[in-house]
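Undergrad:
In the working numbering, the protein residues as written are 574 to 783.
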């Protein structure tokens with residue numbers, strides 16, 4: 574009986590841990606690192622504070638897990654899967670990505686809080702740096718895939734393209750979420766057309782007719 578109950582106990586423990594991390598993530602987004610309180614996180618997760626400390630002895634341990642959880646959902650490979658875009662060609666992916674940049678959603682919103690907290694919290698800064706490095710690595714992979722598909726000219730520098738894409742993605746979100754006036758926002762059609770043109774410029778140049 575003890576042996577058969579062990580997997581179930583482990584499963585219950587993992588489900589509880591997931592609830593706690595999700596609750597901590599929600600508190601972080603709403604209140605920031607300093608404003609998040611273990612008792613509020615426990616209440617939100619439906620557990621007692623005593624159930625949290627064995628796994629996360631310090632608040633910093635739990636908040637690090639929460640920020641990791643939030644940022645993992647923003648990695649390109651995860652987003653492509655979640656949005657059903659993974660099987661498209663790279664130019665098609667970036668066309669869809671362009672439209673997505675002008676909309677807000679709950680997955681992107683934590684970026685504001687993460688960047689803000691990273692200014693005065695070394696641990697969050699390190700997590701953010703790790704996220705940005707991994708995001709760049711995955712974007713490098715997409716760019717190389719585009720070169721293999723023949724969509725991007727192999728002569729273009731992969732790191733330069735990846736940085737441009739990363740900067741447009743994060744920068745656009747931060748500027749819009751900070752409250753850019755509507756008169757300065759492009760239409761979805763104009764924005765997508767511009768990004769499509771930029772991506773098209775990365776294609777191999779057709780040799781001139783002889």
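Positions of the beta carbon are idealized from the N, C-alpha and C atoms, including for glycine.
Fair warning: this is a prediction, and the values are worked out from it, not measured in the lab.
Please classify residue 779 as buried or exposed, where buried requires at least 16 other C-beta atoms within 10 Å of its C-beta.
TA: Position 206 of the chain shown, counted from the start, is the residue given in the question as residue 779. Counting the other CB atoms within 10 Å of its CB gives residue 779 a total below 16, which places it among the exposed residues.
Undergrad: Evaluate contact between the segment 630-648 and the segment 688-708, counting only Cβ atoms and requiring at least three cross-stretch pairs below 8 Å.
TA: Result yes; three or more Cβ-Cβ pairs closer than 8 Å.
Undergrad: Work out the CA separation of residue 763 and residue 660 for me, nearest whole Å.
TA: The sequence position of residue 660 within the chain shown is 87, counting from 1. The sequence position of residue 763 within the chain shown is 190, counting from 1. Approximately 25 Å between the Cα atoms of the pair.
Undergrad: Closest to residue 602 by C-alpha separation, out of 739, 681, 724, would be which residue?
TA: Here residue 602 is taken as the residue at index 29 of the chain shown, counted from 1. Checked all of 739, 681, 724; the closest Cα to residue 602 is 681.
Undergrad: Residue 724: buried (16+ other C-beta within 10 angstroms of its C-beta) or exposed?
TA: Within the chain shown, numbered from 1, the residue matching residue 724 stands at position 151. It counts as buried.
Undergrad: Check whether the segment 605-615 and the segment 658-672 touch, using three or more Cβ-Cβ pairs below 8 Å as the test.
TA: no
Undergrad: Between residue 680 and chain B, is any beta-carbon pair separated by less than 7 Å?
TA: Among the protein chains of the structure shown there is no chain B, as only one such chain exists.
Undergrad: Can you give the Cα-Cα distance for residue 665 and residue 639, rounded to whole angstroms?
TA: Within the chain shown, residue 665 is the residue found at index 92, counting from 1. Within the chain shown, residue 639 is the residue found at index 66, counting from 1. One C-alpha to the other measures close to 32 Å.
Undergrad: Below 6 Å CB to CB, which residues in the same chain sit around residue 683 once its five sequence neighbours on both sides are set aside?
TA: Within the chain shown, numbered from 1, the residue matching residue 683 stands at position 110. So the list reads 602, 643, once near-sequence residues are dropped.
Undergrad: Rounded to the nearest angstrom, what separates residue 767 and residue 705 at their Cα positions?
TA: Here residue 767 refers to the residue found at position 194 when the chain shown is read from its first residue. Here residue 705 refers to the residue found at position 132 when the chain shown is read from its first residue. In a straight line, the C-alpha of residue 767 is about 25 Å away from that of residue 705.
Undergrad: Helix or strand or just coil, what does DSSP make of residue 601?
TA: By one-based count along the chain shown, residue 601 stands at place 28. Helix, per DSSP.
Undergrad: Of all the alpha helix (DSSP H) runs that stay within the bounds of the segment 709-763, which reach a length of 4 or more residues?
TA: Correct list: 731-750.
Undergrad: Could you tell me whether the Cβ atoms of residue 663 and residue 740 are closer together than 7 Å?
TA: For the purposes of this step, residue 663 is taken as the residue at position 90 of the chain shown. For the purposes of this step, residue 740 is taken as the residue at position 167 of the chain shown. Against a cut-off of 7 Å, the Cβ pair of residue 740 and residue 663 comes out as no contact.
Undergrad: For the alpha helix (DSSP H) holding residue 613, just list the boundary residues, first then last.
TA: Within the chain shown, residue 613 is the residue found at index 40, counting from 1. Element bounds for residue 613: 611-618.
Undergrad: What first and last residue would you give for the alpha helix (DSSP H) that runs through residue 655?
TA: Residue mapping note: residue 655 aligns to position 82 of the chain shown, counting from 1. Counting along the chain, the alpha helix (DSSP H) containing residue 655 begins and ends at 649-655.
Undergrad: So what does DSSP say about residue 678, is it helix, strand or coil?
TA: Locating residue 678 in the chain shown gives position 105, counting from the first residue. Residue 678: coil per DSSP, three-state reduction.
Undergrad: Mapping the DSSP letters down to three states, classify residue 589 as helix, strand or coil.
TA: Here the question's residue 589 lines up with position 16 in the chain shown. Three-state result, residue 589: helix.
Undergrad: According to DSSP, is residue 693 part of a helix, a strand, or is it coil?
TA: Locating residue 693 in the chain shown gives position 120, counting from the first residue. If DSSP states are grouped into helix, strand and coil, residue 693 belongs with coil.
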